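> Okay, here's the structure, questions in a sec.
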Amino acid sequence: MLTSTLIFSLLGLTLATPTLHPLPLHRRQDANLQPFTGAIGGEAATPVVNSGNADRPFQVGQDTFVNIAAALQRSCDQQFNRCANAANGGGGGSVAACQTQKGMSFVGKSL
């Protein structure tokens, strides 16, 4: 009788106790890791953030990367494309200025 009471008591404790995870759950952090702030034609570089995924920790838009250099390169490429589209659409600046800006943004990828 004592054994069954003890088992039911332990079972009740087990069911009532919240599960503790040995590792924290993945949380995306929104701090921008892209150091380049140039924005010809108002087109800033896409933010590079911590994805919260230990295997692919860097995120640009919906894409994730295993290293910061690849993420920064994607961010700069996206900025160049938006800048060039704006220049081609008469939105100010020139594609040549966008190309120069792209070269400057790649300097930051050697972090």
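Those letters in the sequence shown? Residues -16 to -1, 1 to 95, per mature numbering (1 follows the signal peptide of the UniProt record, and there is no 0), in order.
Here a beta-carbon is modelled for each residue, glycine too, at the ideal position from N, C-alpha and C.
Model, not experiment: these values are computed from the prediction.
Please go through the stretch 25 to 76 and give each complete alpha helix (DSSP H) segment of 4 or more residues, from N-terminal end onward.
With a minimum length of 4 residues, the continuous alpha helix (DSSP H) runs that stay inside the stretch 25 to 76 are 52 to 72.
> What does the Cβ neighbour count give for Gly25, buried or exposed, with the cut at 16 atoms within 10 Å?
Buried, because 16 or more other Cβ atoms sit within 10 Å of the Cβ of Gly25.
> Quick check: Thr21 and Gln62, are their CB atoms within less than 8 angstroms of each other?
It is not a contact, given that the beta carbons lie outside the stated cut-off.
> Kindly confirm or deny that the stretch 77 to 85 and the stretch 36 to 50 touch, where touching means at least three C-beta pairs closer than 8 angstroms.
No, the stretch 77 to 85 does not touch the stretch 36 to 50.
> Kindly indicate which three-state DSSP category Gln83 falls into: helix, strand or coil?
Reduced to three states, the DSSP call for Gln83 is helix.
> Here's the rule I'm using: 16 or more other beta-carbon atoms within 10 Å means buried, otherwise exposed. How should Ala68 be labelled?
Buried.
> Secondary structure at Ser89, three-state DSSP: helix, strand or coil?
Helix.
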